[in-house]
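A.B. asks: Chains as they are written, first to last, in UniProt numbering: chain A, 1 to 346; chain B, 1 to 346; chain C, 1 to 346; chain D, 1 to 346.
1) Do residue 31 of chain D and residue 6 of chain D come within 8 Å of each other at the CB atom, strictly closer than that value?
2) Closest Cβ-Cβ distance between residue 145 of chain A and chain D: below 8 Å?
3) Taking the alpha-carbon of residue 293 of chain A as reference, which of A:332, A:342 and A:300 has the nearest alpha-carbon?
4) Look up residue 212 of chain D in the DSSP assignment and say whether it is helix, strand or coil.
5) When DSSP builds the beta bridges, which residues end up paired with residue 96 of chain A?
6) Taking the C-alpha atoms as reference points, what is the distance between residue 346 of chain D and residue 195 of chain A?
7) Taking DSSP as the reference, what is the three-state secondary structure of residue 8 of chain C?
8) Decide if the region 257-273 of chain D is in contact with the region 233-242 of chain D; the criterion is three or more beta carbon pairs, one per stretch, under 8 Å apart.
9) Using the beta-carbon of each residue, which ones in chain D are nearer than 7 Å to residue 50 of chain C?
10) Please compile the residues from chain C whose C-beta is within a distance smaller than 8 Å of the C-beta of residue 180 of chain A.
11) Measure the C-alpha to C-alpha separation of residue 112 of chain C and residue 47 of chain C and round it to an integer number of angstroms.
12) For the pair the region 12-23 of chain A and the region 321-339 of chain B, tell me if three or more CB-CB distances fall below 8 Å.
13) Using 8 Å as the limit for Cβ to Cβ distance, is residue 345 of chain C near chain D?
14) Pull up the DSSP beta-bridge partners for residue 170 of chain D, would you.
15) Which first and last residues belong to the alpha helix (DSSP H) in which residue 189 of chain D is found?
16) Within this structure, are the beta carbons of residue 314 of chain D and residue 193 of chain D separated by less than 8 Å?
17) Less than 6 Å between C-beta atoms, sequence neighbours within five positions excluded: which residues of the same chain meet that for residue 141 of chain A?
18) Which same chain residues, not among the five before or five after residue 78 of chain B, have their C-beta less than 8 Å away from its C-beta?
19) Taking the beta carbon of residue 105 of chain C as the centre, do at least 16 other beta carbons fall within 10 Å, making it buried, or is it exposed?
20) Would you mind working out which of D:177, D:225 and D:199 sits nearest residue 202 of chain A, comparing C-alpha positions?
21) Comparing C-alpha positions only, which one of C:319, C:286 and C:8 sits nearest to residue 295 of chain C?
22) Within this structure, are the beta carbons of residue 163 of chain D and residue 213 of chain D separated by less than 8 Å?
23) For residue 288 of chain B, which residues of its own chain have a beta-carbon under 7 Å away from its beta-carbon, when the five flanking residues on both sides are left out?
24) Taking residue 244 of chain B as the reference, give the member of B:154, B:161, B:276 and B:187 with the closest Cα.
25) Going by the beta-carbon positions, is the gap between residue 34 of chain C and residue 65 of chain C smaller than 8 Å?
26) What span of residues does the alpha helix (DSSP H) with residue 44 of chain B cover, start to end?
27) Could you tell me how far apart the beta carbons of residue 335 of chain B and residue 278 of chain B are, in whole angstroms, since I believe they sit closer than 8 Å?
28) Distance, Cα to Cα, residue 109 of chain D vs residue 10 of chain D?
29) Which whole runs of the beta strand (DSSP E) in the region 192-269 of chain C are 3 residues long or more, in chain order?
30) With which residues is residue 296 of chain C paired in a DSSP beta bridge?
31) Do residue 57 of chain A and residue 74 of chain A come within 8 Å of each other at the CB atom, strictly closer than that value?
32) The alpha helix (DSSP H) spanning residue 138 of chain B covers which residue range?
33) So the beta strand (DSSP E) residue 31 of chain B belongs to, where does it begin and stop?
34) For residue 146 of chain B, name the three-state secondary structure that DSSP assigns.
35) Judging by CA-CA distance, which residue of D:323, D:207, D:299 and D:284 is the nearest neighbour of residue 300 of chain A?
36) Comparing alpha-carbon positions, which option in A:76, A:18 and A:29 lies nearest residue 36 of chain A?
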């Protein structure tokens, strides 16, 4: 018996990646495919890589089109998913709604309002299964908030250290480089190929990036106390991938072997998150198109800090892959269904 | 019942892509993985994107290691596959041997000797199923010569026109841009990232490229008369992909609609080769990691020529994907097993 | 005594490159800098690489702002330069007006109307000094039409062969790859970095590209008879550079040495156009930011064709550098003033 | 009267960039051009972008070839420059020797031995003129140690804050992305274009990078007390450029306006180092090929940290441009001679 899935925002990068992964999912039938300004167009004209769906015509994004499916993926502008989810629930209360947008990620209404400037829509179960206790919260869920791509990277990089109480909560610094697809498909001059090829630049520096409160929320939960971060995102000349360098002071006197062991233990049983063998560094090339996260850790005794570098594909594990992994857990399917550990390289 | 497959040359790009695709093939068990200078190393250190095989240790490339499997993929230097195939046949006569190298592609011993400078090893069935009558030759085969990546592109681009007798055999011009993985993993100064990023350059211009006789062989078979080409390969600043522009005079007076129809008919039933809707142009991004070929055709009445532009992934349909597709046919499996129509984009 | 120069279209790529080169020109003072929709903005916000001009504020593009300078560069949409040049002439009849747009390149009003759809504005001296007799036409000129970037490449690649009567006028094929800056700074989805990095695609295939009549015009003048070309432009994943592969049948029986000699002779005295030593192939990296064109030639006796591959920087020699070189000639300055033979590599 | 300059290591990226800049230097004549394994080859075959020097033949790197010039640039493997400089001094004591290698950068013999494993060769004046008091030390110098490219970036980014006593000396974190030319022209598998295009990866993480003691040396001098850093370099998919994110705690209670003012004051008179207007972020594209450094600063009151992002061209200001700027000062030439503020973009 196949699960029916509808995908909104199908003309964008997140929606396209959800569709790409769904075409390889053994338990799924793709139902409605919707968009807003591109409604009425052939998918093949907008997402030419999705060949098997090329002749599908995009419907308008309405509750009517989306309701009635077992699962609905939402990839909408901030502030739009709450109302639409409510309308879908009226028509088909059992539908699993997975929000790839930010609306339902933050627990603090105040943080939401400060960073997004609208009313808080509420908090849904957070779709990052590798966080402690998170699989239990996702099992059977009918609402899932997909984490941001930077938070996925940063939380997987640092949570083991905070959970094991080996990291200090101040002076945490995260610098991350993202491929340009992280900025979406909107046509802005600084995202032109001529501008991004051959260059790197930062943006949203100094606490202003909307992913800052989301990362602090997750790290504080792991630490059991407030964690403060300095987060600097940069744009790299590549289409996909995030490489994060996350560094924090370790509790003075902690044995470096014990520090490494915290990460080893946290991910020993995970299919999609791996600490690499010592001496091997992560590269975003190794995880392109896969649901995989690779990381390496160094204990810098000179600086008294732990440095974790972590790589993932912002569109796969950072968005659509993480969403499907969470869907699989919510519906009781195999967690790996439709996902791969293999990257497409070189 | 699973088919056992051994892969030689596993530290290179072709061997790595064969392994990547095999991990997703439902009917296959991966047996021996071999290399030459890298024997004894962990695959994870050499091909970090192949996570599920990371702990496999490379064996030395010997008949002993490779024999006994149902299928053996060879990715060896020119001149090496004939002898090794014979040794494998002694030990396991029923093994399907698939040669990703050039040794068994050419029918003309003279052309082989002129372009490769060694004795001709013989001719094996040519692994390009979409050529007329080729599936019949591959069914049940125990030896397959995988086409070169440029010949795959060029032959798929022009064969329909020669088969339909609408193209003239002289002044055929093919100019193709390839990603750097087509040049392999050997460390040569001109292949350094610093040299290739931001630049394009031609190589092997003027008839000297070894793929020229292979392309002429295929086109001449389609035309039923000798076809002469001018072929210029160029290196583009991307890791994967080939975009070929192939142009030939059409027979004066031919109806442009009939010309387009020749391509339409040739590929109407194909899963992996498609003429795009008019107005849409191929891009290599759309086929990255897929076994797909997309092409578009223009009839230039001013110049009296047909121009076909075709895009594929040189490592997938251009090498490893085409090889697995041929394997599937030879063994009577579903032709699409382990292969995808979807590219990984953006 | 310094020459005053005004630059319109200063927020775009062509205008920006004109300004970059003018800052290094020993005989020039930069006067008005104008734009249309960006009038009133700091140049530093739009062209951050032009540091020494960062605090200049863009004026509106009007005859009033531009007149009164010794030289005016126009980089305007098609159809706009004729009227503006007339208005400038009313106010300052001696001003040298250099049009980087297409309006005054074509001699055939019919060709103009077919490809551009508007009334023909007339023909100005063509700013490609290396064409036979062209320096004489540019000396003292007060109007110059800057060639298109593809025509500059194609004409330099093939003119020597047509002038020397060694090439045949039919079945000329030109396939060229351009960096994305050739498409300008307009924000279109297919020019996003996420779309262009890692991919190649053709456009304007089959005779439809507006540079086709311009190339045919120049080649026909060199040949003394009509030359017909098949021209296919492609977009490459790099910001700058054009690599053209231009191929034509040679007159049967011509000595290959004599063919090469035609190019050797044509460019022996040129500062900015060079036939490379045999065995060395052009790369666009070698000419980045320079006014240099490098080319190599092969005589393919098997196919009966000459293949010329030529590389230049589309913004420098292909637009702004060629414009300044022509300005230097028109004003009697050193032809090399403000220009360099050195590329910026790697 | 022209200054004669010899350049060793001319086949590499640093030597090539020295030559590129020298061809535009008004006061310089290029004398001997030397290399080691490439001695006897045409420069045009190795550095095809240096057209005006294409026919120069590389001499062997010996004191005999280099002595007798006014200036000698050394770009040699670690440990080689001390002995060669002594031999040059015997033959021509007044020659200015500029070492682009690391041998004479560190003041601490112990740090040298720990990070480089050989005997310390001594300390030469440090070629970073924008550091406080540094121009005085360079004026009239006959030995100059060119800083590493990462140290140039990091020191320019953070020195104003330490000099002004607004930064705290612990928990300084620097994460930097470099283009691949920073790794030199040596052919290593991980530097192949196929490996670097489309990916980012860290290296030398955890205190092991040799630039760490050099950065700490400079920051400690500015602070007047020991500064400890955590430094993580990463490799980005571009040929040139460094983008550094450097962050440190500010002294609690410091006025954010005063913090910004420290940087403003430090660079207000500099030609080649600029704090951008608020709201504009640095990009490496803007400084490609120029001697320019652009930076932006944010005071993150939430995290209590200052974040400085700085961009330069690793081969120009980061190596060859900084070297020529220092040469100009040492010889009493205009500091800007041969250098440009304009980057080559897009």
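Where a beta carbon is used, it is the ideal one built from N, C-alpha and C, also for glycine.
C.D. replies: From the atom records:
1) As a first step, residue 6 of chain D must be located in the fourth chain, where it is residue number 6. As a first step, residue 31 of chain D must be located in the fourth chain, where it is residue number 31. Yes; because the gap between Cβ atoms is below 8 Å, this pair is in contact.
2) Indexing the first chain from 1 puts residue 145 of chain A at position 145. No, its Cβ sits nowhere closer than 8 Å to a Cβ of chain D.
3) As a position in the first chain, residue 293 of chain A is number 293, starting the count at 1. Of the candidates A:332, A:342 and A:300, the one whose C-alpha sits nearest the C-alpha of residue 293 of chain A is A:342.
4) Position 212 of the fourth chain holds residue 212 of chain D. Helix, per DSSP.
5) One-based indexing of the first chain puts residue 96 of chain A at position 96. DSSP, once it has assigned bridges, lists A:71 as partnering residue 96 of chain A.
6) Counting from 1 along the fourth chain, the entry for residue 346 of chain D is found at position 346. Counting from 1 along the first chain, the entry for residue 195 of chain A is found at position 195. When the Cα atoms are used, residue 346 of chain D and residue 195 of chain A turn out to be separated by approximately 6 Å.
7) Sequence index remark: in the third chain, residue 8 of chain C carries index 8 (1-based). Looking at residue 8 of chain C - three-state DSSP - the assignment turns out to be coil, as it is neither helix nor strand.
8) No: fewer than three Cβ pairs fall under 8 Å.
9) Along the third chain, read from residue 1 onward, the residue named residue 50 of chain C stands at position 50. Within 7 Å of the CB of residue 50 of chain C, the CB atoms of chain D belong to 342, in sequence order along the chain.
10) Residue 180 of chain A sits at position 180 when you count from the first residue of the first chain. Residues of chain C passing the Cβ test: 192, 193, 194 and 197.
11) Reading the third chain from its first residue, position 112 is the one you call residue 112 of chain C. Reading the third chain from its first residue, position 47 is the one you call residue 47 of chain C. Between the C-alpha atoms of residue 112 of chain C and residue 47 of chain C there is a straight-line separation of about 32 Å.
12) Touching, no, given that fewer than three Cβ pairs across the two stretches are closer than 8 Å.
13) Position 345 of the third chain, counted from the first residue, corresponds to residue 345 of chain C. Closer than 8 Å to some Cβ of chain D, the Cβ of residue 345 of chain C qualifies, so yes.
14) The count along the fourth chain starts at 1 and reaches residue 170 of chain D at position 170. When beta bridges are read from the DSSP output, residue 170 of chain D appears opposite no residue.
15) Counting from one through the fourth chain, the residue named residue 189 of chain D turns up at place 189. Residue 189 of chain D -> no alpha helix (DSSP H), and no H or E assigned at all.
16) Sequence index remark: in the fourth chain, residue 314 of chain D carries index 314 (1-based). Sequence index remark: in the fourth chain, residue 193 of chain D carries index 193 (1-based). No; because the gap between Cβ atoms is not below 8 Å, this pair is not in contact.
17) As a working note, residue 141 of chain A is residue 141 in the first chain. Around residue 141 of chain A: 125 and 330.
18) The count along the second chain starts at 1 and reaches residue 78 of chain B at position 78. The answer, listed in chain order, is 101, 102, 103, 116 and 118.
19) The residue given as residue 105 of chain C occupies position 105 in the third chain. It counts as buried.
20) Numbered from its first residue, the first chain carries residue 202 of chain A at position 202. The shortest Cα separation from residue 202 of chain A among D:177, D:225 and D:199 belongs to D:177.
21) Walking along the third chain from the start, residue 295 of chain C turns up at place 295. Closest by alpha carbon: C:286.
22) Reading the fourth chain from its first residue, position 163 is the one you call residue 163 of chain D. Reading the fourth chain from its first residue, position 213 is the one you call residue 213 of chain D. Going by C-beta atoms, residue 163 of chain D is not nearer than 8 Å to residue 213 of chain D.
23) Position 288 of the second chain, counting from 1, holds the residue named residue 288 of chain B. For residue 288 of chain B, the CB contacts under 7 Å within the same chain, skipping 5 residues up- and downstream, are 240, 241, 313, 343, 344 and 345 in chain order.
24) Walking along the second chain from the start, residue 244 of chain B turns up at place 244. Selected option, being the one with the closest Cα: B:154.
25) The count along the third chain starts at 1 and reaches residue 34 of chain C at position 34. The count along the third chain starts at 1 and reaches residue 65 of chain C at position 65. When the beta-carbon positions are compared, residue 34 of chain C and residue 65 of chain C come within less than 8 Å of each other.
26) In the second chain, counting from the first residue as 1, residue 44 of chain B sits at position 44. Element bounds for residue 44 of chain B: 43-46.
27) Start at 1 with the first residue of the second chain, and residue 335 of chain B comes out as number 335. Start at 1 with the first residue of the second chain, and residue 278 of chain B comes out as number 278. A Cβ-Cβ distance of about 28 Å is found for the pair residue 335 of chain B and residue 278 of chain B, leaving them out of contact under the 8 Å criterion.
28) Here residue 109 of chain D corresponds to residue number 109 of the fourth chain, with the count starting at 1. Here residue 10 of chain D corresponds to residue number 10 of the fourth chain, with the count starting at 1. The alpha-carbon atoms of residue 109 of chain D and residue 10 of chain D are separated by roughly 29 Å.
29) Here the runs fully enclosed are 229-235 and 242-249.
30) Numbered from 1 along the third chain, position 296 holds the residue referred to as residue 296 of chain C. According to DSSP, residue 296 of chain C bridges with C:309.
31) For this step, residue 74 of chain A is matched to residue 74 along the first chain. For this step, residue 57 of chain A is matched to residue 57 along the first chain. Going by C-beta atoms, residue 74 of chain A is not nearer than 8 Å to residue 57 of chain A.
32) The sequence position of residue 138 of chain B within the second chain is 138, counting from 1. In the DSSP assignment, residue 138 of chain B falls within the alpha helix (DSSP H) that extends over 134-138.
33) Here residue 31 of chain B refers to the residue found at position 31 of the second chain. Residues 28-35.
34) Looking up residue 146 of chain B in the second chain gives position 146. If DSSP states are grouped into helix, strand and coil, residue 146 of chain B belongs with coil.
35) In the first chain, residue 300 of chain A corresponds to position 300, counting from 1. Taking only the C-alpha atoms, the option nearest residue 300 of chain A is D:207.
36) Translated into positions along the first chain, residue 36 of chain A becomes position 36. The candidate whose alpha carbon is nearest that of residue 36 of chain A is A:76.
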